[in-house]
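Protein chains in written order, with this note's numbering: chain G, 65 to 145; chain X, 27 to 157. From the three backbone atoms N, C-alpha and C, an ideal C-beta is built for every residue, glycine too.
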Amino acid sequence: MIWQLDLAILTLVIVCAIAAISVKDLLGTAILFGAYSFMMCLLWSIMAAVDVAFTEASVGAGVSTVFFVAAVFRTTRRTKD
Amino acid sequence: MDFLLTHLVAKYNFWLYIILMMIGLYAMIAKNNLIKKLVGMNIFQTAIILFYVSIGSKRGGTIPIVEHIAGGGEHAINPTRYVNPLPHVLMLTAIVVSVSTFGVALALAIKIYQRYKTLEEDELLTRIRES
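As structure tokens, this is what we get:
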């Protein structure tokens, strides 16, 4: 494990999490949440958990984002907070 | 100072996982939109999964796939060279469960929107009281 890379990507994960819950558009939340999942996938390959990394890349960053975008298009993009 | 260095700085990843977990908890409690609450729930879950996977990680460990030399026959496997794969397998299940939970929750949010035409919690409560 390379701790410099680990720290940098962990910081990016926290930035993505704060941005995903504070942006005022649900489609933006969907895209930022996909970026969050992809950063998480990188973090797992840094921690040498390759099986978890490719499950996260396919299921977390792929399917979850598709569900999210589909749900946003069926409901509304508007959010107050 | 020595205590700080060994317990706060050397284990920086645990502190950042706690921050991530508290971001998720804040989003679940304080956000008004139902979809934002779901995102907070997912952030909370991934923080816990990160904590468990980082327990199995070790310094100088490589990925848990046993190396075989071609035609080498029997040779001793040194377990300190590999990271512990048990938390990985457990957390693989947790990732799949979290995505299916997210899908079901989004389906419920779509049904709520079709009936009440809103996803905001305060508007939802007033519309439930009116009807």
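*Per-residue DSSP class, three states only, for X:Asp28*: helix
*In the structure shown, what three-state DSSP assignment does G:Arg141 receive?*
coil
*asked:* At a CB distance below 7 Å, what residues from the segment 114 to 129 of chain X approach chain G? Give them in sequence order.
replied: His114, Met117, Leu118, Ile121, Val122, Val125, Phe128, Gly129
*Buried or exposed: which applies to X:Tyr38, given that a residue is buried once 16 or more other Cβ atoms fall within 10 Å of its Cβ?*
exposed
*Below 8 Å between beta carbons: does that hold for X:Pro113 and X:Gly82?*
yes
*Which residues, taken in chain order from the segment 134 to 155 of chain X, show a beta carbon closer than 7 Å to some beta carbon of chain G?*
Ala135, Ile136, Tyr139, Leu145, Glu146
_Please identify, using Cβ separations under 7 Å, the residues of the segment 41 to 60 of chain X that lie next to chain G, in order along the chain._
Going along the segment 41 to 60 of chain X in chain order, one finds Leu42, Ile45, Leu46, Ile49, Ala53, Lys57, Asn58, Asn59 with a Cβ nearer than 7 Å to chain G.
*asked:* Could you compute how far the alpha carbon of X:Tyr78 sits from the alpha carbon of G:Val116?
replied: 12 Å
*Going straight from the alpha carbon of X:Glu149 to that of X:Lys57, what length do you get?*
13 Å
*Exposed unless 16 or more other CB atoms sit within 10 angstroms - verdict on X:Val125*: Its Cβ being crowded by 16 or more others within 10 Å, X:Val125 is buried.
*Quick one: which chain A residues come within Cβ less than 7 Å of X:Arg107?*
Here chain A cannot be found, since the structure's protein chains are G and X.
*With C-beta atoms as the reference, is X:Leu64 less than 8 Å away from X:Ala120?*
no
_Please tell me whether G:Ala112 and G:Tyr100 are closer than 8 Å, where the distance is taken between their beta carbons._
no
_Please return the same chain residues whose Cβ sits closer than 6 Å to the Cβ of X:Tyr142, not counting the five positions on each side in sequence._
Around X:Tyr142: Leu150, Arg153.
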